[in-house]
Each structure stands twice: as C-alpha cells, then as structure tokens.
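Remarks on the structure that follows.
Protein chains: 2
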Amino acid sequence: MSNGTTLPEVIRVMVVDDHAIVRRGLLAYISTIPTFNMIGEAASGEQAIALLNEWHTLGRPLPHVVLMDLQMPGMGGIAATEAITRTHPDVKVVALTSFGEAERVHAALAADAAGYLLKDADPEEVAMAIRAAVTGGVHLNPTIARRLTRRMTAPTGGLTSLTVREREILILIAEGRSNRDIAGRLTISERTARTHVSNVLAKLQLTSRTQAALLAIREGLVPPG
Amino acid sequence: MSNGTTLPEVIRVMVVDDHAIVRRGLLAYISTIPTFNMIGEAASGEQAIALLNEWHTLGRPLPHVVLMDLQMPGMGGIAATEAITRTHPDVKVVALTSFGEAERVHAALAADAAGYLLKDADPEEVAMAIRAAVTGGVHLNPTIARRLTRRMTAPTGGLTSLTVREREILILIAEGRSNRDIAGRLTISERTARTHVSNVLAKLQLTSRTQAALLAIREGLVPPG
DNA sequence: GCCCGCCTACGTCATATGTCGTACTTCGCG
DNA sequence: CGCGAAGTACGACATATGACGTAGGCGGGC
Chain X
2 MSNGTTLPEV IRVMVVDDHA IVRRGLLAYI STIPTFNMIG EAASGEQAIA
52 LLNEWHTLGR PLPHVVLMDL QMPGMGGIAA TEAITRTHPD VKVVALTSFG
102 EAERVHAALA ADAAGYLLKD ADPEEVAMAI RAAVTGGVHL NPTIARRLTR
152 RMTAPTGGLT SLTVREREIL ILIAEGRSNR DIAGRLTISE RTARTHVSNV
202 LAKLQLTSRT QAALLAIREG LVPPG
Chain S
2 MSNGTTLPEV IRVMVVDDHA IVRRGLLAYI STIPTFNMIG EAASGEQAIA
52 LLNEWHTLGR PLPHVVLMDL QMPGMGGIAA TEAITRTHPD VKVVALTSFG
102 EAERVHAALA ADAAGYLLKD ADPEEVAMAI RAAVTGGVHL NPTIARRLTR
152 RMTAPTGGLT SLTVREREIL ILIAEGRSNR DIAGRLTISE RTARTHVSNV
202 LAKLQLTSRT QAALLAIREG LVPPG
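Chains X and S, in that order, give the protein sequences.
Everything in the first sequence is counted per the numbering used here, starting at 2 for the first residue and increasing by one.
Everything in the second sequence is counted per the numbering used here, starting at 2 for the first residue and increasing by one.
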C-alpha cells in the first residue's frame, strides 16, 4: 500500500494465454485505456519466457505486468509465473483463470503472483488488478479472497494439511493407480502406500480413494484432462 | 454443401459466454469482418433465450448464428442450444468450448449445434464456422473431427457403448459413491449395482472405479467442479 | 411368435481397500 | 540432548470391490 511505486505514465502489459480469443478480449480491454499499452502476447509459458529473455538481451523495455493464464498445455502458468518472477523480479505477474480452485490460488501466490483474476472479470477489475500489481499490491478476486479466508479459518485444513509425501500419494490416486502401483512408483512397500492412503483419507475426511481423486481434481492438484 | 442457402449480405451474430473477456475477444474477431454484425451478447443460457424471445416478439431480426459457450453456470450451453434450436429453428448455434471432450461434442451435435469450435480458434476458423452454419453446413474443429472419427471407428466404443443404466452408474461412480450408495440411489440391490459397475469397467477396459470416475470427468460426463 | 439386448439378481471366489495398533529411523528444532 | 513430525513398515482384521457364471422378466424388432 504505502510500499507503492508511483504509477508510470504508461503501463506496459503482456498477455499469456493459449486461447487466441482470450488474448483478443484482453487486448480489447486494455487498448481502451490510454495509460495501458499492450506490448506483446504469448500462447504458452515457454513462449512468454523466451520473449521476455529476448527483450531483455535486446535491451527492450519489459512489461510492467504479465497477465498469465494458469491452465495451459505444456508448462503450466504456475511454473511460468515462478520462472518469470525469479529471472525478472521487476515484472509483476497477475494470474488469470477460469475457475477459482483454492489450490491454484495458493500455488499462484506461492509463485509470487501479484494478483488473481477470474476470466469473467470486467474491464474495470482487470485494470484495477494491473494497477495494483504495478504499485506493488496484490489484487484478489473478491470471491476468491472470501474463499481463501474461509479456508484459512476452517478447522479442518484442506489439502494444506497433507504432508509432501501424502500429496504425492494423492496425485497418484488421482491418476487412478492402485496401492500396488503407487508402491512401485515410490519404491515403498504396498503396506506403506496403504498407510499413506489411509492417512490421506483420514485428513480429508473421506472414505474412499475415488472421493480423494475427485477432490484432488476439484482442488486443481492435478489437471482434469 | 449444395444444400446451401446463399450467404446474406450481412450475417448477424450473437455471443453467449459467461466470461466477459471471451465475449470481448469474439466481438473483436467479428467486428474486423465487415459482413459480420454482432447484434447482441448474453452471459448465460437463460439470458440468451430471454433475449431471443424478446427480439422475436418485438419483430426484430434474430441472429443468423449464435456462438454458444458450453461450460456455463446455471443452464449449460447444451441445454440452451437445444432450447434455441427448438424454438427458433432458423437460428444456427455454434458450440464453443475450451477443451474437446468427445462427450460434449456428441451432446452438442445431438442438440442440433451447427459447429464445434475450440477457444484457441483463430479468427479465420471462427469466420469459417459461422459461414458454414449460415449455409446449412456443420463446421468441426479438425482435431475434434479426427477424434470423433477415431472414436467412431474404434473397435471399443467409448462412453457411447454404455447403456443408459450404465451411464447412470458411471455418473454415480464419478460422484465418489460406493456400490451400496449406488444401489440405494437407484433402488436396486447392491449385487446388481456391482454387476453394472463390473460391466462398465469391462466396456471401458478399466480396472477400478477410480479410473472410471476420472474418465467420466475427462469425457465431460460430469462436471469436474 | 421368437430372439436379443437390457435390467435385474444371486453365488462364489480372489483380491483390493481401508482401519487400528505398533514400531523403527531420520531429521530438524528448541 | 530430547522430542515430535514425517516416512517407512508390519500384522490382523473387516469390508469393499471386481470377475465370472448363471438366470428370470420384459420389451422391441424381425
């Protein structure tokens, strides 16, 4: 808040999304605002990173803000966000996604995203998020923010209560694997795999691995497709 | 093909999508083509239907083509497509979605959609699909079309090989229910439920209900969220 | 009228899954 | 150093799950 850099007279924006239609939509949003300048777009995380690196070596100005879709084939938006915020700390990344899976929000914020927008956002909200990012703030969609706090205050922590190993287990469950499979993958005994599965179910208050798999998908731990 | 009506000098288009950004993107696409005229947009299936009915009673010209997102809260795009093609047979509906779940394609075509676009379509493809729809043709995304034919010719039919009852079973599996639960819901014995489950797994060539649940979600039989 | 697919249902068997309790090792933290 | 959390592992047990064969009733199509 008082941390704020002042707003530059023109804010350079870049869009990363595999859907051309969405890129167009955001371009249309942004070009209506004179202080915003869309300087580039990319259809994948890899492409975005390559473009930023190229600009950097050429001495061209980098975008102030990158609008980053999270759901993309290949390198996901989370990984791309992480890579960008690490190599170009001045570039702020605002996450953009269709649905508000709490897990993704966490992951995005952990990757130093400077905001979290839903795709049904109106132009004003996008503009707000961009301005907030430039001044060092973090904009969260109100619905998301509410859910996030609800999750924080919830007595039974969700996926966050799982240990690293248990998450691995859950991911394998959500790939439809049996306990024996899981044991093989992780080179542990099947009994141990079962212990982990049992612990996961207990923590998530579920009664079957299928329910766990569904929850993992709902929470965005693994992609549905 | 030779079935075709001739193209009107201006094609009226309407967009239905809950994401404002996507609506903007399509508007941007379409307004670049002079023969296309965007005459309205809606954020839900209900809204779209209401708008069409209103125009109809007012004697205003209806759109030639409606671009319809399938994934929407409330009434889904499939149901909206069905309603529109039934009450306004002259209006062609082109389905538009993020991912190509084969199940959705089938459902969309069954609801008399006149095309199936992915959201990463470029402007040319959108234009082609719209023109095809107006002339009575059906445009399918090439990737989708390939998958469809692959599915048709595949020796082991996918979800389509299931009977109505088996689909019901699969849906309940994909909700994380146990055999006993399923039996209760459908008022059949648990043994029968198990018979059905076993048959479903055999037809889908899977070995566990969890895999079946995941497949049901991938294929769009049930929503992930 | 007959046959076939679908829904129903059961028996039996093998295996997978999930629970509870216990226990050893490692590792980080106070 | 002691202690707890995490990961590993086992035994024993109770169900759940899935496979396979069999079978009656029913409704639509030839």
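Backbone N, C-alpha and C fix where the C-beta goes; we use that ideal spot for every residue, glycine too.
Everything numeric in this text was worked out from a predicted model, so none of it was measured.
What did DSSP end up calling residue i once you bin it into helix, strand or coil?
i, result
"X:Leu163", "coil"
"S:Thr136", "coil"
"X:Asn142", "coil"
"X:Ile294", "Lying outside 2 to 226, the shown extent of chain X, residue 294 of chain X is not represented and no answer is given."
"X:Ile40", "strand"
"S:Val66", "strand"
"S:Ala217", "helix"
"S:Val17", "strand"
"S:Val23", "helix"
"S:Ile120", "The question names Ile, but residue 120 of chain S in the sequence shown is Lys. Coil at S:Lys120, not helix or strand."
"X:Val127", "helix"
"S:Ala175", "coil"
"S:Val201", "helix"
"X:Ala96", "strand"
"X:Gly158", "Low per-residue confidence applies at X:Gly158: pLDDT is 48, beneath 50, and the placement is therefore not dependable enough to give any value."
"X:Thr208", "coil"
"S:Ile34", "coil"
"X:Arg61", "coil"
"S:Gln72", "coil"
"X:His107", "helix"
"X:Ile189", "coil"
"S:Leu52", "helix"
"X:Asp229", "No answer is possible for residue 229 of chain X: the residues shown for chain X start at 2 and end at 226."
"X:Asp182", "helix"
"S:Gly77", "coil"
Whose C-alpha, out of the options, is nearest the C-alpha of residue i?
i, options, result
"X:Ile12", "X:Arg105, X:His197, X:Ala128", "X:Ala128"
"X:Ala217", "S:Leu187, S:Ser179, S:Arg186, S:Ala175", "S:Ala175"
"S:Ala134", "S:Leu110, S:Asp121, S:Asp123", "S:Leu110"
"S:Pro1", "S:Leu207, S:Met73, S:Ala43", "Given a span of 2 to 226 for chain S in the structure shown, any question on residue 1 of chain S remains unanswerable."
"S:Pro9", "S:Ile50, S:Met39, S:His65", "S:His65"
"S:Leu202", "S:Ile189, S:Thr188, S:Thr164, S:Ser190", "S:Thr164"
"S:Ala51", "S:Ile79, S:Arg132, S:Ala84", "S:Ala84"
"S:Ile259", "S:Asp18, S:Arg132, S:Arg61", "The question about residue 259 of chain S has no answer, for chain S in this structure spans 2 to 226."
"X:Thr86", "X:Ile22, X:Ala49, X:Ser162, X:Gly75", "X:Ala49"
"X:Ser241", "X:Ser32, X:Leu205, X:Arg178, X:Ile22", "The structure shown does not extend to residue 241 of chain X, since chain X is modelled only from 2 to 226, so the question has no answer here."
"S:Lys120", "S:Thr193, S:Ala184, S:Arg132, S:Thr144", "S:Thr144"
"X:Ala44", "X:Gly60, X:Gly116, X:Asn180, X:Gly75", "X:Gly75"
"S:Asn38", "S:Val106, S:Arg132, S:Ser190", "S:Arg132"
"S:Arg219", "S:Ser190, S:Gly138, S:Val106, S:Thr193", "S:Val106"
"S:Arg195", "S:Ala108, S:Gly116, S:Asn180, S:Leu215", "S:Asn180"
Enumerate in chain order the residues of its own chain whose CB-to-CB distance from residue i is below 8 Å, with the five nearest sequence positions on each side excluded.
i, result
"X:Leu118", "Leu68, Val95, Ala96, Leu97, Thr98, Glu126, Val127, Ala130, His140, Asn142"
"X:Leu63", "Arg13, Leu53, Trp56, His57, His89, Asp91, Val92"
"X:His20", "Asp70"
"X:Ile172", "Ala217, Leu222, Val223"
"S:Gly77", "Gly46, Leu71"
So, at 6 Å on beta carbons, what are the nonlocal neighbours of residue i in its own chain, with the 5 sequence-adjacent residues on each side left out?
i, result
"X:Thr82", "Met69, Val94, Ala112, Ala114"
"X:Val16", "Arg24, Leu27, Glu42, Leu68"
"X:Pro124", "Tyr30"
"X:Leu207", "Ala213"
"S:Asp240", "The structure shown does not extend to residue 240 of chain S, since chain S spans only 2 to 226, so no value can be given for it."
"S:Gly177", "none"
"S:Ala108", "Ile79"
So, at 7 Å on beta carbons, what are the nonlocal neighbours of residue i in its own chain, with the 5 sequence-adjacent residues on each side left out?
i, result
"S:His197", "Arg166, Glu167, Ile170"
"X:Ile228", "Residue 228 of chain X lies beyond the stretch modelled for chain X, which goes from 2 to 226, so this question has no answer here."
"X:Asn200", "Glu167"
"X:Ser32", "Met39"
Check the Cβ of residue i against every Cβ in chain X and list those closer than 9 Å, keeping chain order.
i, result
"S:Tyr117", "Within 9 Å Cβ-Cβ: nothing; S:Tyr117 doesn't reach chain X, min ~15 Å."
"S:His140", "Within 9 Å Cβ-Cβ: nothing; S:His140 doesn't reach chain X, min ~16 Å."
"S:Gly77", "Within chain X, no residue comes near S:Gly77; the closest Cβ sits about 15 Å away, beyond 9 Å."
"S:Gly1", "Only positions 2 to 226 of chain S appear in the structure, and residue 1 of chain S is not among them; the question remains open."
"S:Lys120", "Asp19, His20, Ala21, Ile22, Val23"
Please look up how many angstroms separate the CB atoms of residue i and residue j, rounded, as I've assumed it's under 8 Å.
i, j, result
"X:Thr211", "S:Thr211", "4 Å"
"X:Ile22", "S:Ala122", "7 Å"
Starting from the beta carbon of residue i, find every residue of chain X whose beta carbon is closer than 7 Å, and list them in chain order.
i, result
"S:Leu1", "The displayed coordinates of chain S run from 2 to 226. Any statement about residue 1 of chain S would go beyond what the structure contains."
"S:Asp123", "Ala21"
Name the chain S residues whose beta carbon is nearer than 8 Å to that of residue i?
i, result
"X:Asp182", "What X:Asp182 touches in chain S: nothing, since even the nearest Cβ is about 10 Å away."
Residue i touches chain S at which residues, Cβ-Cβ below 9 Å?
i, result
"X:Ser190", "Here the premise fails: no neighbours, minimum Cβ distance about 20 Å."
"X:Arg132", "Neighbours of X:Arg132 on chain S: none; closest Cβ ~18 Å, over 9 Å."
In chain X, what lies closer than 8 Å to residue i by C-beta?
i, result
"S:Lys204", "The contacting residues do not exist; S:Lys204 stays about 16 Å from chain X at best."
"S:Gln212", "Gly177"
Find the residues of chain S that neighbour residue i, judging by a C-beta separation of less than 7 Å, and give them in chain order.
i, result
"X:Ser209", "Gly177, Ser179"
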